[in-house]
Amino acid sequence: MLCDFCGKREATVHITQVAGGKKTEMHLCPECAKQLGGEKEGSFITLSLPKLISSVFVGDEWRGFARKVPSPRSCERCGMTMEEFGKVGKFGCSNCYRTFRGAISNVLRQVHGSTRHVGRRPRCLASEMFDPTSELDELSRLKEELKRAVESEDYERAAQIRDRIKALESPRC
Amino acid sequence: MGPSQVLSLPLEWKGGGFGELTGLVVTSRVRLARNVARFPFSVAISPEEAEKLVELAFEAASRSPLFREAVKLRLDRMDEISRGVLFERHQISFDMMRASPQMPRGLILDGSGTVSVMVNEEDHLRIQVLLGGFRLREALDIAFKVDEVFEALGYAFDDEFGHLTSCPTNVGTGLRASVMLHLPAMQSSGVMDELLKHCNQLGLTVRGTYGEGSAVFGALYQLSNQVTLGRKEEEIAELVSRVTREVAEEEIARRDRTRRERGKAFLDHLWRAWGTLRYAQVITSKEALEKLSVVRVGSDMRILPEIPMNMWNELVLLTQPYHIQAMAGRELSPEERDVHRASFLRSKMELLS
Numbered sequence: 001m002l003c004d005f006c007g008k009r010e011a012t013v014h015i016t017q018v019a020g021g022k023k024t025e026m027h028l029c030p031e032c033a034k035q036l037g038g039e040k041e042g043s044f045i046t047l048s049l050p051k052l053i054s055s056v057f058v059g060d061e062w063r064g065f066a067r068k069v070p071s072p073r074s075c076e077r078c079g080m081t082m083e084e085f086g087k088v089g090k091f092g093c094s095n096c097y098r099t100f101r102g103a104i105s106n107v108l109r110q111v112h113g114s115t116r117h118v119g120r121r122p123r124c125l126a127s128e129m130f131d132p133t134s135e136l137d138e139l140s141r142l143k144e145e146l147k148r149a150v151e152s153e154d155y156e157r158a159a160q161i162r163d164r165i166k167a168l169e170s171p172r173c
Numbered sequence: 001m002g003p004s005q006v007l008s009l010p011l012e013w014k015g016g017g018f019g020e021l022t023g024l025v026v027t028s029r030v031r032l033a034r035n036v037a038r039f040p041f042s043v044a045i046s047p048e049e050a051e052k053l054v055e056l057a058f059e060a061a062s063r064s065p066l067f068r069e070a071v072k073l074r075l076d077r078m079d080e081i082s083r084g085v086l087f088e089r090h091q092i093s094f095d096m097m098r099a100s101p102q103m104p105r106g107l108i109l110d111g112s113g114t115v116s117v118m119v120n121e122e123d124h125l126r127i128q129v130l131l132g133g134f135r136l137r138e139a140l141d142i143a144f145k146v147d148e149v150f151e152a153l154g155y156a157f158d159d160e161f162g163h164l165t166s167c168p169t170n171v172g173t174g175l176r177a178s179v180m181l182h183l184p185a186m187q188s189s190g191v192m193d194e195l196l197k198h199c200n201q202l203g204l205t206v207r208g209t210y211g212e213g214s215a216v217f218g219a220l221y222q223l224s225n226q227v228t229l230g231r232k233e234e235e236i237a238e239l240v241s242r243v244t245r246e247v248a249e250e251e252i253a254r255r256d257r258t259r260r261e262r263g264k265a266f267l268d269h270l271w272r273a274w275g276t277l278r279y280a281q282v283i284t285s286k287e288a289l290e291k292l293s294v295v296r297v298g299s300d301m302r303i304l305p306e307i308p309m310n311m312w313n314e315l316v317l318l319t320q321p322y323h324i325q326a327m328a329g330r331e332l333s334p335e336e337r338d339v340h341r342a343s344f345l346r347s348k349m350e351l352l353s
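Here the protein sequences line up with chains P and R, keeping their order. According to the numbering used here, the stretch in the first sequence is residues 1 to 173, in order. According to the numbering used here, the stretch in the second sequence is residues 1 to 353, in order.
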């Protein structure tokens, strides 16, 4: 059996991690196991999760995964590459998850024992929503207008503007 | 806002919280990591975009009754001591404390001193609820309400992966549920490594006093979940709570055993710590915390005079380096701090004796 990380050397270290109520197994060669900082415990080692994640994307080890699941070279929205991710351990934008979906799925399965979110969901998604920036600008414009209407004692107009501000300020979802 | 104003802001956990595992569980904390879909994550965001994000988050908070008496702060425009005080109060992270004036970073604190929302941390929003005592579930319910206030900004959410976070260790629920535990007996019996191993197997972890990568002070450890994906928020909080009860039981058993086995030497150890806090003329924050940890045990075991949790929390908090300087109203050298700290402790311990 070949190492799950480098895909080159023979796997002799076997890791079991219990996560999400499920047991996940990983088979590594001694070199990769050592690099991942796992503490040897018989033929089993336990890995710390952040260490695993940050190591997975670096250099040769990353290619072991990448070969299994081909991914584009960089994110088209923020330009982040997997190599850069390996250095900082953080993604550049939400689109990175889409770009590297296949590869990140593998990693998430190893570290969280799952790839599927089962918790809370926002009541409405960003794609279905108004643009808060333009709305904010609209709001400040209306407030200015309201001030002018009050100053010129045009109370009918002021009441109309106040209603529109109220509508904008009430939560939408 | 300057150091003296920050000192006077409300802080719920300081009150101590009552009920289950008092003294052993110092605080309960829930954190949700959230990002706004339209903006790049923290490593790629421009100062202009970050500025807009702070503005939007402050605006969203203003519209909610939850934040009616909130304080909105700009960390990038704050002095170092004020930021340090907020960090020692556990209201901002280490990263936020070291805010650079070039990157806009905001902080929203609710009127009860329970909720803090960091803007432009590792994630766009870090919603944090911090309560005194063992109240994880209550903290989670409050966090859910705060979450709804900011979701109007348009969260980065994926059908499969859930909430998308800057670092994949937080993806899914974006939840970290943690308790601050006081474990001196387990620490001195050298079983912390074993506990950590056990926790790792369950998808949990144990960290230092100020979170990831920090050292342990006064035997205060943070127990929290590590797995954030594939479990419901309530399940995560329940698992952390369950393990908390197990660990607390173990700690109590070990304290009793130490008392039986060491007899007079144990009593001497407790009273000497009391004596140091009561009479020392110069004391470092490290030694102060060590001794405060010992007298906590003495109070919990009803050997020393009782130290109510609100009093103990105050002693722990106000003897921290930034708090000492904020109370003095100026920057102090480490040597000066040790003198101020000792004098403060003497005056407080006199009230307890």
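C-beta atoms are modelled at their ideal positions from N, C-alpha and C, and glycine is treated no differently.
Extent of the continuous alpha helix (DSSP H) run through residue 183 of chain P
As displayed, chain P neither begins before 1 nor continues past 173, which places residue 183 of chain P out of reach and without an answer.
Based on DSSP bridge pairs, tell me the residues matched to residue 307 of chain R.
Answer is none; residue 307 of chain R lacks a bridge partner.
Helix, strand or coil: which one does DSSP assign to residue 76 of chain R?
If DSSP states are grouped into helix, strand and coil, residue 76 of chain R belongs with the helices.
Between the C-alpha atoms of residue 58 of chain R and residue 72 of chain R, what's the straight-line distance to the nearest angstrom?
Each residue's Cα considered, the two are about 7 Å apart.
Could you tell me whether any Cβ in chain P is nearer than 8 Å to the Cβ of residue 145 of chain R?
No, residue 145 of chain R lies away from the interface with chain P (no Cβ there is under 8 Å from its Cβ).
Could you check where the alpha helix (DSSP H) with residue 239 of chain R kicks off and where it finishes?
Here the alpha helix (DSSP H) through residue 239 of chain R covers 233-262.
I need the DSSP call for residue 209 of chain R, collapsed to helix, strand or coil.
It is coil, neither helix nor strand.
According to DSSP, simplified to helix, strand and coil, what is residue 87 of chain R?
DSSP, reduced to helix, strand and coil, places residue 87 of chain R within a helical segment of the structure shown.
Using beta carbons (cut-off 8 Å, strictly below), is residue 268 of chain R in contact with chain P?
Under the Cβ distance rule, residue 268 of chain R does not count among the residues neighbouring chain P, no pair being separated by less than 8 Å.
Taking 7 Å as the limit between beta carbons, can you name the residues of its chain near residue 219 of chain R, skipping five residues before and five after?
By the criterion of a C-beta distance shorter than 7 Å, residue 219 of chain R is surrounded in its chain by 182, 183, 184, 187 and 293, once the five residues flanking it on both sides are discounted.
How is the beta strand (DSSP E) around residue 130 of chain R delimited, first residue to last?
For residue 130 of chain R, the enclosing beta strand (DSSP E) begins and ends at 125-132.
Just checking: is the beta-carbon of residue 58 of chain P within a distance shorter than 8 Å of some beta-carbon in chain R?
Confidence is the limiting factor: at residue 58 of chain P the pLDDT is only 46, short of 50, which leaves the residue's position unreliable, though a coordinate-based value still follows. No, residue 58 of chain P lies away from the interface with chain R (no Cβ there is under 8 Å from its Cβ).
Using the Cα positions of residue 49 of chain P and residue 110 of chain P, report the straight-line distance between them to the nearest angstrom.
Confidence at residue 49 of chain P is low in this model, with a pLDDT of 47, below 50, so the placement of that residue is unreliable and no value is reported for it.
Output the boundary residues of the beta strand (DSSP E) element that contains residue 178 of chain R.
First-last of the beta strand (DSSP E) with residue 178 of chain R: 175-182.
Run through DSSP, which three-state label would residue 161 of chain P get?
Look at residue 161 of chain P here: in three-state DSSP terms it is helix.
Residue 223 of chain R and residue 178 of chain R: beta carbons closer than 8 Å?
In this structure, residue 178 of chain R lies closer than 8 Å to residue 223 of chain R by Cβ.
Out of R:321, R:341 and R:348, state which residue places its alpha-carbon closest to the alpha-carbon of residue 307 of chain R.
The shortest C-alpha separation from residue 307 of chain R is found at R:348.
Proximal residues of chain R, C-beta to C-beta of residue 162 of chain P below 7 Å
Close to residue 162 of chain P, with beta-carbon spacing below 7 Å, lies no residue of chain R; the smallest spacing is near 16 Å.
Look at the Cβ atom of residue 264 of chain R, then the Cβ atom of residue 276 of chain R, and state whether they are nearer than 8 Å.
Not in contact: residue 264 of chain R and residue 276 of chain R (Cβ atoms no closer than 8 Å).
If the cut is a Cβ gap below 7 Å, which residues of chain P does residue 43 of chain R touch?
Within chain P, the residues near residue 43 of chain R are 88, 90 and 92.
Can you give me, in chain order, the residues of the stretch 76-110 of chain R that have a beta carbon less than 9 Å from any beta carbon in chain P?
Correct list: empty, as no residue qualifies.
State the start and end residues of the unbroken beta strand (DSSP E) segment that holds residue 107 of chain R.
First-last of the beta strand (DSSP E) with residue 107 of chain R: 106-109.
Could you work out which residues of chain R lie near residue 146 of chain P, taking near to mean beta carbons separated by less than 7 Å?
Residue 146 of chain P does not reach chain R, its nearest Cβ partner there being about 17 Å away, counting only Cβ pairs nearer than 7 Å.
What are the residues that DSSP puts in a beta bridge with residue 225 of chain R?
The partner list for residue 225 of chain R (beta bridge, DSSP) reads R:204.
Just to confirm, are residue 75 of chain R and residue 34 of chain R a CB contact at a threshold of 8 Å?
Taking C-beta atoms as the reference points, residue 75 of chain R and residue 34 of chain R fail to come closer than 8 Å.
Going along chain R in order, which residues have a C-beta closer than 7 Å to the C-beta of residue 13 of chain P?
Chain R residues near residue 13 of chain P: none, gap ~16 Å exceeds 7 Å.
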